[in-house]
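To convert, count from 1 in the sequence shown and add 834; that's the numbering used here. Quick reminder that beta carbons are idealized off the backbone N, C-alpha and C, glycines included. Source: prediction; values computed, not measured. See below for the structure under consideration.
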Amino acid sequence: GRKLAWVGQEAHFEFAFPVREVVAQGRYAWGDDLSGVAEALAELDLTFLADRPATRLSGGERHRVGLARALATQAPIQLWDEPVAQLDVRHALEVMRLARRLADGGGTVVVSLHDLRAAYRFDRVLVLDRGRLVGNGKPHDVLTAALIREVFRVAATFVESLVPELPPD
835 GRKLAWVGQE
845 AHFEFAFPVR
855 EVVAQGRYAW
865 GDDLSGVAEA
875 LAELDLTFLA
885 DRPATRLSGG
895 ERHRVGLARA
905 LATQAPIQLW
915 DEPVAQLDVR
925 HALEVMRLAR
935 RLADGGGTVV
945 VSLHDLRAAY
955 RFDRVLVLDR
965 GRLVGNGKPH
975 DVLTAALIRE
985 VFRVAATFVE
995 SLVPELPPD
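Pasting the structure below:
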């Protein structure tokens, strides 16, 4: 649609459409206007795969195609389910940087994650435990050892992160 784009955890493609055409499906609500497709391909590092059948992609590549299709919608609200779970470190960092740019540009990016390290990169987190809201606020205020113990039933110790920081644009 024009207002909201959604990306699920798994991207399955039944037909061997080229990646470019799959991403262009994000423009369906706009008619024949294909603006933004090339940019979305470039943003998700897919330009070199644009002519490859979507059925011949790795899991991470398929997931990036789903994100590119959502980006091509130019919807102001983006809902992404586990957007970095299947990605290598470089692409995961690029997706996190993309989410930041969309939010800084006035968009809304809502992400579901189980990766607590990635959650720290967002402005606000909501933590659910069996469907009940148990935390809401800035990551450093919400993601405490006590909350992690309560929700995930594991002991948590906070250490200096080994995850590379997002480089400046």
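- Scanning 958, 911, 876, 917 for the CA closest to the CA of residue 894 turns up 917.
- Approximately 5 Å separates the beta-carbon atoms of residue 841 and residue 914; this is inside 8 Å, confirming the contact.
- Straight through space, the alpha carbons of residue 946 and residue 886 are spaced by roughly 29 Å.
- Residue nearest to residue 950 within the set 964, 877, 978, 933 is 978 (criterion: CA-CA distance).
- Listed in chain order, the non-local C-beta contacts of residue 850 below 6 Å within the same chain comprise 887, 889, local neighbours out to five positions each way being set aside.
- Judged by beta-carbon spacing, residue 880 lies within the 9 Å limit of residue 853, meaning their Cβ atoms are closer than that value.
- Residue 859 counts as exposed, since fewer than 16 other C-beta atoms from the protein chains shown sit within 10 angstroms of its C-beta.
- Note on geometry: alpha-carbon atoms of residue 948 and residue 955 lie some 13 Å from one another.
- Within 10 angstroms of the beta-carbon of residue 900 lie 16 or more other beta-carbons, which makes it buried.
- 9 Å or more divides the Cβ of residue 973 from the Cβ of residue 941.
- DSSP, read as helix, strand or coil, puts residue 912 in strand.
- Judged by DSSP in its simplified three-state form, residue 917 adopts coil rather than helix or strand.
- DSSP, read as helix, strand or coil, puts residue 881 in helix.
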